[in-house]
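Below: the structure, in structure tokens.
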Amino acid sequence: MSLTPASPLAPPTWVIGDIQGCCSALDQLLEHPAVVADNGARFWFAGDIVNRGPRSLDTVRRIMGMGNKAVTVLGNHDLNLLAVAAGVRKPGKSDTIADILGAPDADEIIEWLRHRPMAHYEQNHLLVHAGVLAPWTLKQTMALAAEVEHALQSRHWRQHLEKMYGNEPDRWRDGLGPNKRLRIVINALTRIRMCDVKGRMDLSYKNAPGSEAPDYLMPWFDVPDRATQNTTIVFGHWSTLGLMIRPDAICLDTGCVWGGKLTALRLSDRKLVQIDCISHQTPGSA
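Each residue of the sequence shown is one higher than the last, beginning at 86 in my numbering.
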């Protein structure tokens with residue numbers, strides 16, 4: 086959990102969508118005149134900083150080198166890297182994390198990554214990789230994120246990662262056991278896209294909302310009576326949704342690794358900077 090009080094003197098903050106190892110696009114974005122002009126700016130990364138793109142190692146080193154200027158929440162691809170490093174999951178055919186695992190500073194990178202937050206709240210903006218469940222208040226979301234962070238940062242982190250995979254439970258209940266509780270929190274914060282009207286997650290649907298979606302499904306941010314509707318939630322993860330800016334929800338995954346754009350948004354005025362990317366993968370395999 087990362088919870089920082091708002092300050093009227095806070096430096097400009099840019100939020101950057103999914104990079105997925107596309108370090109050239111990240112370098113271009115950070116060197117953009119509008120970004121450079123914000124001297125002392127801070128940067129929030131919406132997770133999935135690694136995997137599928139060509140330069141995962143360079144990307145993670147670049148962000149690590151930014152020190153306290155950067156806040157990075159964990160995404161599902163970042164967790165996948167931790168699981169592979171822990172030996173509880175084999176690399177997938179589309180994974181591009183071998184350069185990290187074979188790097189001389191691999192242990193340092195894994196240690197840094199597993200100490201990243203699952204959620205960050207500041208300036209009335211909640212940063213997560215994918216989304217939140219409708220019943221969760223802001224306070225509860227941050228507390229549940231902290232539970233996962235504690236598990237990942239403990240000496241038993243490998244054993245906790247073994248319990249991470251699976252699509253059940255798909256609906257929140259206060260009485261869930263420890264393993265199911267860990268899994269549903271991780272799934273909500275790093276994988277959620279669509280839910281039914283009761284807030285039950287459907288983790289199989291990856292396309293954009295619209296005519297292809299079953300009638301009973303809706304985006305997680307449109308579930309009725311969502312407890313965080315008065316907090317602006319900034320997220321990535323959903324490249325088929327793409328750029329969306331609403332008072333209560335902002336999506337910044339614009340499909341960089343699929344040949345789209347890498348997008349940054351300045352919190353104070355919603356100014357956008359976008360960098361054209363080169364396609365490295367087939368859309369829909371995220």
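Beta carbons are placed, not taken as given, at the ideal position from N, Cα and C, and that holds for glycine.
Suppose contacts are defined by Cβ-Cβ distances below 8 Å. Is residue i in contact with residue j by that definition?
i, j, result
"residue 377", "residue 284", "Outside the displayed span of the chain (86 to 371) sits residue 377, for which this structure offers no information."
"residue 204", "residue 230", "yes"
"residue 124", "residue 162", "no"
"residue 164", "residue 319", "no"
"residue 358", "residue 114", "yes"
"residue 239", "residue 181", "no"
"residue 304", "residue 278", "yes"
"residue 103", "residue 132", "yes"
"residue 294", "residue 326", "yes"
"residue 138", "residue 105", "yes"
"residue 347", "residue 360", "yes"
"residue 281", "residue 302", "yes"
"residue 168", "residue 174", "yes"
"residue 220", "residue 312", "yes"
"residue 375", "residue 101", "Given a span of 86 to 371 for the chain in the structure shown, any question on residue 375 remains unanswerable."
"residue 119", "residue 356", "yes"
"residue 261", "residue 245", "no"
"residue 286", "residue 264", "no"
"residue 288", "residue 315", "no"
"residue 199", "residue 257", "no"
"residue 195", "residue 188", "no"
"residue 227", "residue 206", "yes"
"residue 232", "residue 270", "yes"
Start and end of the beta strand (DSSP E) containing residue i?
i, result
"residue 334", "334 to 336"
"residue 360", "357 to 361"
"residue 347", "346 to 351"
"residue 101", "98 to 101"
"residue 129", "127 to 130"
Which two residues bound the contiguous alpha helix (DSSP H) that contains residue i?
i, result
"residue 375", "Outside the displayed span of the chain (86 to 371) sits residue 375, for which this structure offers no information."
"residue 119", "118 to 121"
"residue 318", "Looking at the DSSP string, residue 318 is not in any alpha helix (DSSP H); the run it does join, the beta strand (DSSP E), is 317 to 320."
"residue 108", "108 to 115"
"residue 298", "Neither: residue 298 is in no alpha helix (DSSP H) and is coded neither H nor E."
"residue 186", "183 to 186"
Could you tell me which residues DSSP puts in a beta bridge with residue i?
i, result
"residue 304", "279"
"residue 311", "Bridge partners of residue 311: none, in fact."
"residue 330", "335"
"residue 287", "279"
Would you grab the beta carbon distance between residue i and residue j for me? Rounded to a whole angstrom, and I think it's under 8 Å.
i, j, result
"residue 110", "residue 341", "6 Å"
"residue 157", "residue 108", "Their Cβ separation, rounded to whole angstroms, is 14 Å, which puts residue 157 and residue 108 out of contact at 8 Å."
"residue 99", "residue 349", "5 Å"
"residue 321", "residue 160", "7 Å"
"residue 210", "residue 317", "5 Å"
"residue 208", "residue 95", "7 Å"
Mind pulling the alpha helix (DSSP H) runs of 4 or more residues that sit fully within the segment 138 to 172?
List check, alpha helix (DSSP H) in window: 141 to 149, 161 to 171.
Could I get the ranges of all uninterrupted beta strand (DSSP E) runs contained in the segment 198 to 265, with 3 residues as the minimum, in chain order?
Qualifying beta strand (DSSP E) stretches, in chain order: 205 to 207, 210 to 212.
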